[in-house]
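Structure record follows, encoded as structure tokens.
Protein chains: 2
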Amino acid sequence: MPHAQPAGAHTVRRHNTGLVLGAIAEAGAVSRATVAAHTGLTKATVSSVVEAMIAADLVAETGQEQRSGRGRRGTELTLSPHGMHGLGVEIGVDYLATCLVDLTGEVRKRRIRGGDNRNRSVASVLGRLTTLTRTALADAQALGVPIGGLGLAVPGLVEPAAGVLRTAPNLGWREVDLDGELRARLDLADRPLLLGNEANFAALAELWSADDLPNFICVSGEIGIGAGIIIDSGLFEGVRGFSGEIGHLAIDPNGPRCSCGAHGCLEQLASVESILRAVGLWSAGAVDPTSVEALLDRLRAAHPATVQAVNEAGHWLGIALAGVVNVLDVPTIILGGRYATLQPWLADPITEELATRVLSATWHPVRVLASTVGPYAAVRGAATAVVRAIRTDPASFVPTLVSQLAADSPR
Amino acid sequence: MPHAQPAGAHTVRRHNTGLVLGAIAEAGAVSRATVAAHTGLTKATVSSVVEAMIAADLVAETGQEQRSGRGRRGTELTLSPHGMHGLGVEIGVDYLATCLVDLTGEVRKRRIRGGDNRNRSVASVLGRLTTLTRTALADAQALGVPIGGLGLAVPGLVEPAAGVLRTAPNLGWREVDLDGELRARLDLADRPLLLGNEANFAALAELWSADDLPNFICVSGEIGIGAGIIIDSGLFEGVRGFSGEIGHLAIDPNGPRCSCGAHGCLEQLASVESILRAVGLWSAGAVDPTSVEALLDRLRAAHPATVQAVNEAGHWLGIALAGVVNVLDVPTIILGGRYATLQPWLADPITEELATRVLSATWHPVRVLASTVGPYAAVRGAATAVVRAIRTDPASFVPTLVSQLAADSPR
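Following this line, the structure appears as structure tokens:
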């Protein structure tokens, strides 16, 4: 029988930094004594870890702890909003985006650059992305904050471990080594690049901003349609990380040909592009914000043909989502991306199909909610994924944390 | 910070019985010393637990341990095939079944009673089921083995904790308190009744009989179509236990009306019933074994219209399964129930649709396998679920185990 090796002092210190930072993140504002009680560490250990994290600008001291009852009130600790940030970067089908998020999860700066990426080469899109990312890195420098790493959201299938995009049908991209390409263009040193599907990052952004919503499907509607699946407060990625590709559910097997090569995929019948096409507002290969505004104006004015087109897309979406709920048994659907603004017109036809087609709907009706994160949730999720990684294992982002602890702190 | 209470001696003994039985189950045949090494318990504790389990006929001693190397060879321990059994019971749409499984997982006796249950009242079906179950209990008595509990497989949505069947569209049943109804008819005393969906039990039967197949979807084809989803070697039940209802995926939204009330569900296009109807072999409301044999004869003879009908059902199935794989990202599909015998004719059209429609298929083709458990996997899974529960916590099935340990054994 193998015997467990005792963890080295270095490993223990590294683990403790994550425990302490996690306890502060969860509480929002908390004393050293309370952190000690919540983590089971001694007060001396907590104090030395906290001092090192204050020095590294991961933790800040702010006034007095709010606490009832007797006893000395300790100084309040919070995550530092002025220390290390996460940078999210997104390749959309018709936009590029960056998002700077501080350690508390607040968005500090967002940049969006519109434009159809389908008519550009991979090199050209990555060139533009590099420029936008350099601008975001300059934003961070102007704010005086270091970047812990990059989260990169893409509209396709990725293998995160390999850093490779396998396919993005709406971009027409296949087999792009995004980790390699970006590292060749940007000086990331040894900072991590977290590659992920945009719908998965958007779902995580909803999870992290919601109170107590542990199980849902977040449907992102843009030119494509994707979904992120959250089960038990975690991302359900599938066996190889390819879950949630609902844009390619066959809804009308004899329907129009899709960018993926198959026929009758949901994307061809219910995407924002297909809605804009149906009402004559599609132009120039991109979801133009002016067109979306015009669509919303017509919907608010109850323009019959426009309401009818959105209603029809809602029915197709409802049929697909009923299938997803019949397979996964998830109680809540969140409409994200540009679907969020269309939610008042999409929710009824979706709910109608769910009520008819979900076998368990009589006992447990499925809720259809609009995103609370709003547009560009994916790039925010990508940035926050970096922040979450820092919170879990701060020492891997700030190696001096552990060496300082070794020199200064009681074991 | 709350302090963990020390576990009581009773709790520890109870836990140890499960540890020891689990180690014996996993090894197949093993010495007391090896059990001690695998569980981390002392040899004295293992010996006293084993003696109690031999007395309770859960464990048997069989000759010498097969082991190379030096040292005294211990007596070999195995699960006892003559002790407590699990009884599986199934309400099919057109049959009733029982299955007696011993502690090693071997089927000892199976009984099938055909007949359309759609034209009978709930009371009439439960009456017939009671008679069949009594016969199975008499079989166990004739074998001289006690029954630890019942597993009950049904073709519908169940809430196991409540013991209630919510709906079984193909039976036309809604809100049946199966736990209450069966306990009123059978003397089960305090033995557990594990209620579950038939496709889920069938998937578990495949998992438990397979070597190293941790992720798959098991599709059961009978009059209805259901699926059990296995992820990381466990059943993926969904949030409320209603996952895997693929029979009601909308494949042709304008297609025929389904028993669930919606239109164009997979069941209407690809079930064994719909195949038999398409080739003129359907009769009398049940899947007649003679009809299935006639179907297979025609397929073996390459009868064009029959091959074409099965091929078409395979394409519909493939479209639905491609959707399921796009959502779940699972690498293997097992065809179970009567689909298993049709696998040679179904696999190609299914694989064709998967290759076209699964976005990740280029990198990770999906395998389509026939069930290795064979027909009536669900009732076997239901019986084995009881056996697995006994193995995990034998003391809750044989309370004397713990009291005997308290009197006899070293702590």
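In the order they appear, the protein sequences are chains A and B.
For the first sequence, my numbering gives the first residue as 7, with consecutive numbering after it.
For the second sequence, my numbering gives the first residue as 7, with consecutive numbering after it.
Here a beta-carbon is modelled for each residue, glycine too, at the ideal position from N, C-alpha and C.
Q: Rank A:Asp100, A:Ala58, A:Glu358 by C-alpha distance to the C-alpha of Asn123 (chain A) and give the top, closest one.
A: Translated into the one-based positions of the first sequence, residue 123 (chain A) becomes position 117. Of A:Asp100, A:Ala58, A:Glu358, the residue nearest in Cα terms is A:Asp100.
Q. Can Ala268 (chain B) and Gly250 (chain B) be called in contact, C-beta distance under 7 Å?
A. Numbered from 1 along the second sequence, position 262 holds the residue referred to as residue 268 (chain B). Numbered from 1 along the second sequence, position 244 holds the residue referred to as residue 250 (chain B). Contact: no.
Q: Assign Leu352 (chain B) to one of three DSSP states: helix, strand, or coil.
A: On the second sequence, residue 352 (chain B) is found 346 positions in, with the first residue counted as 1. Leu352 (chain B): helix per DSSP, three-state reduction.
**Q.** Rounded straight-line distance, which links the Cα of Gly89 (chain B) to that of Glu57 (chain B)
**A.** Taking the second sequence and counting its residues from 1, the one referred to as residue 57 (chain B) is at position 51. Taking the second sequence and counting its residues from 1, the one referred to as residue 89 (chain B) is at position 83. One C-alpha to the other measures close to 14 Å.
Q) Got a sec? Which residues, its chain only, sit under 7 Å from Ala111 (chain B) by beta carbon, not counting five neighbours each side? A) Position 105 of the second sequence holds residue 111 (chain B). The identity of residue 111 (chain B) in the sequence shown is Gly, whereas the question assumes Ala. Cβ neighbours of Gly111 (chain B) within its own chain (closer than 7 Å, five residues either side excluded): Trp214, Thr390, Val393.
Q.
My parser needs the alpha helix (DSSP H) runs of 4 or more residues fully inside the segment 118–173 of chain A; what are they?
A. The qualifying runs are 128–149.
Q. Roughly how many whole angstroms lie between the Cα atoms of Thr137 (chain B) and Leu93 (chain B)?
A. The residue you call residue 137 (chain B) lines up with position 131 of the second sequence. The residue you call residue 93 (chain B) lines up with position 87 of the second sequence. The straight-line gap from Cα to Cα measures roughly 14 Å.
**Q.** Distance, Asn206 (chain A) Cα to Ala146 (chain A) Cα
**A.** Taking the first sequence and counting its residues from 1, the one referred to as residue 146 (chain A) is at position 140. Taking the first sequence and counting its residues from 1, the one referred to as residue 206 (chain A) is at position 200. Separation of Ala146 (chain A) and Asn206 (chain A) (C-alpha to C-alpha, rounded to the nearest whole angstrom) is 25 Å.
Q.
Once the 5 residues before and after Ile236 (chain A) are set aside, which same chain residues still bring their CB inside 6 Å of it?
A. As a working mapping, residue 236 (chain A) is identified with position 230 in the first sequence. Ala209, Leu213, Phe222.
Q.
In this structure, how does DSSP classify Leu375 (chain A) when only helix, strand and coil are distinguished?
A. Counting from 1 along the first sequence, the entry for residue 375 (chain A) is found at position 369. Strand at Leu375 (chain A).
Q.
Alpha carbons only, please: which of A:Ile229, A:Gly329, A:Gly202, A:Arg172 is nearest the one belonging to Gly387 (chain A)?
A. Start at 1 with the first residue of the first sequence, and residue 387 (chain A) comes out as number 381. Measuring from the Cα of Gly387 (chain A), the nearest candidate turns out to be A:Gly202.
Q: Please confirm if Asp335 (chain A) has its CB atom under 7 Å from at least one CB of chain B.
A: Here residue 335 (chain A) corresponds to residue number 329 of the first sequence, with the count starting at 1. For Asp335 (chain A), a Cβ of chain B is located within less than 7 Å of the residue's own Cβ.
Q) Thinking just about the alpha-carbon of each residue, which of A:Leu348, A:Cys224, A:Ala42 is nearest to the one in Arg306 (chain A)? A) Here residue 306 (chain A) is taken as the residue at index 300 of the first sequence, counted from 1. Out of A:Leu348, A:Cys224, A:Ala42, the CA that lies nearest to the CA of Arg306 (chain A) is found in A:Leu348.
Q.
Rounding to the nearest angstrom, what Cα-Cα distance links Ala174 (chain B) and Arg246 (chain A) in this structure?
A. Translated into positions along the second sequence, residue 174 (chain B) becomes position 168. Translated into positions along the first sequence, residue 246 (chain A) becomes position 240. Distance between Ala174 (chain B) and Arg246 (chain A), taken at the CA atoms: about 34 Å.
Q: For Gly227 (chain A), count neighbouring C-beta atoms within 10 Å of its own C-beta (all shown protein chains included) and say buried if the count is 16 or more, exposed if not.
A: Numbered from its first residue, the first sequence carries residue 227 (chain A) at position 221. Taking all protein chains in view, the Cβ of Gly227 (chain A) is crowded by 16 or more other Cβ atoms within 10 Å, so the residue is classified as buried.
Q) Whose Cβ in chain A lies nearer than 7 Å to the Cβ of Ile369 (chain B)? A) Numbered from 1 along the second sequence, position 363 holds the residue referred to as residue 369 (chain B). Note that residue 369 (chain B) is Trp in the sequence shown here, rather than Ile. What Trp369 (chain B) touches in chain A: Arg172.
Q) Between Arg363 (chain A) and chain B, is there a C-beta pair that is closer than 7 Å? A) Within the first sequence, numbered from 1, the residue matching residue 363 (chain A) stands at position 357. With respect to chain B, the C-beta atom of Arg363 (chain A) has a partner C-beta closer than 7 Å.
Q) Counting Cβ pairs closer than 8 Å, one from the segment 256–276 of chain B and one from the segment 372–385 of chain B, do we hit at least three? A) The answer is no - the segment 372–385 of chain B does not touch the segment 256–276 of chain B, with fewer than three Cβ pairs under 8 Å.
Q: Report all residues from its chain with a CB closer than 6 Å to the CB of Pro416 (chain B); omit the five preceding and five following residues, and keep chain order.
A: Taking the first residue of the second sequence as position 1, residue 416 (chain B) is located at position 410. Here Pro416 (chain B) scores only 45 on pLDDT, less than 50, and its place in the model should not be relied on; the value that follows carries that caveat. Exclusion of the five residues before and after Pro416 (chain B) leaves Ala50 as the residues of its chain whose Cβ lies within less than 6 Å of its Cβ.
Q) Rounded to a whole number of angstroms, what is the C-alpha to C-alpha distance between Asp218 (chain A) and Leu171 (chain B)? A) Counted from its first residue, the first sequence places residue 218 (chain A) at position 212. Counted from its first residue, the second sequence places residue 171 (chain B) at position 165. Asp218 (chain A) and Leu171 (chain B): Cα-Cα distance of roughly 29 Å.
Q.
For a cutoff of 7 Å on Cβ pairs, would you count Val330 (chain A) as touching chain B?
A. Within the first sequence, the letter at position 324 stands for residue 330 (chain A). At least one chain B Cβ lies under 7 Å of Val330 (chain A).
Q. In chain A, what lies closer than 8 Å to Ser226 (chain B) by C-beta?
A. Counting from 1 along the second sequence, the entry for residue 226 (chain B) is found at position 220. Ordered by position in chain A, no residue passes the 8 Å Cβ test against Ser226 (chain B), which lies about 14 Å from the chain.
Q) Would His309 (chain A) count as contacting chain B if we go by Cβ distances under 7 Å? A) Residue mapping note: residue 309 (chain A) aligns to position 303 of the first sequence, counting from 1. Under the 7 Å criterion on CB atoms, His309 (chain A) is classed as non-interfacial with respect to chain B.
Q) Are Glu187 (chain A) and Leu149 (chain A) closer than 7 Å when you measure CB to CB? A) As a first step, residue 187 (chain A) must be located in the first sequence, where it is residue number 181. As a first step, residue 149 (chain A) must be located in the first sequence, where it is residue number 143. No. Outside cutoff.
Q: Go ahead and pull the three-state DSSP assignment for Ser289 (chain A).
A: Working through the first sequence from its first residue, we reach residue 289 (chain A) at position 283. In this structure, Ser289 (chain A) counts as strand in the three-state DSSP scheme.
Q) Quick one: is Ser409 (chain B) buried, meaning 16 or more other Cβ sit within 10 Å of its Cβ, or exposed? A) The residue given as residue 409 (chain B) occupies position 403 in the second sequence. Ser409 (chain B) is exposed by the Cβ-count criterion.
Q.
Would Leu282 (chain B) and Ser265 (chain B) be called neighbours here (beta carbons separated by less than 7 Å)?
A. Here residue 282 (chain B) refers to the residue found at position 276 when the second sequence is read from its first residue. Here residue 265 (chain B) refers to the residue found at position 259 when the second sequence is read from its first residue. Their beta carbons are not under 7 Å apart, which means Leu282 (chain B) does not touch Ser265 (chain B) by this criterion.
Q) So, are the CB atoms of Val95 (chain B) and Leu192 (chain B) less than 7 Å apart? A) Numbered from its first residue, the second sequence carries residue 95 (chain B) at position 89. Numbered from its first residue, the second sequence carries residue 192 (chain B) at position 186. No.
Q. Going by other Cβ atoms of all chains shown within 10 Å of its Cβ, with 16 needed for buried, is Ser280 (chain B) buried or exposed?
A. As a first step, residue 280 (chain B) must be located in the second sequence, where it is residue number 274. Looking at its Cβ environment, which holds 16 or more other Cβ atoms inside 10 Å, Ser280 (chain B) is buried.
(Q) Which residues in chain A have a C-beta closer than 7 Å to the C-beta of Gly250 (chain B)? List them in chain order. (A) For this step, residue 250 (chain B) is matched to residue 244 along the second sequence. Neighbours of Gly250 (chain B) on chain A, chain order: Val333.
Q: Report all residues from its chain with a CB closer than 8 Å to the CB of Pro337 (chain A); omit the five preceding and five following residues, and keep chain order.
A: By one-based count along the first sequence, residue 337 (chain A) stands at place 331. Cβ within range, chain order: Asn221, Phe222, His370, Val372, Arg373.
(Q) On the CB-based measure, 16 or more other CB atoms within 10 Å of its CB, does His16 (chain B) come out buried or exposed? (A) In the second sequence, the residue the question calls residue 16 (chain B) occupies position 10. Around the beta-carbon of His16 (chain B), fewer than 16 other beta-carbon atoms lie within 10 Å, marking it exposed.
Q: Hey, could you find the ends of the alpha helix (DSSP H) Arg263 (chain A) is sitting in?
A: If you number the first sequence from 1, residue 263 (chain A) lands on position 257. Unbroken run through Arg263 (chain A): none, as it is neither H nor E.
Q) Within 7 Å (strictly less), CB to CB, does Cys4 (chain B) reach chain A? A) Because chain B in this structure spans residues 7 to 417, residue 4 (chain B) falls outside the shown range and cannot be described.
(Q) I'd like to know whether the C-beta atoms of Phe248 (chain B) and Leu163 (chain B) end up nearer to each other than 7 Å. (A) Position 242 of the second sequence, counting from 1, holds the residue named residue 248 (chain B). Position 157 of the second sequence, counting from 1, holds the residue named residue 163 (chain B). When the beta-carbon positions are compared, Phe248 (chain B) and Leu163 (chain B) come within less than 7 Å of each other.
**Q.** Interface partners of Asp258 (chain A) on chain B, CB under 9 Å
**A.** By one-based count along the first sequence, residue 258 (chain A) stands at place 252. Within 9 Å Cβ-Cβ: Asp258, Pro259, Asn260.
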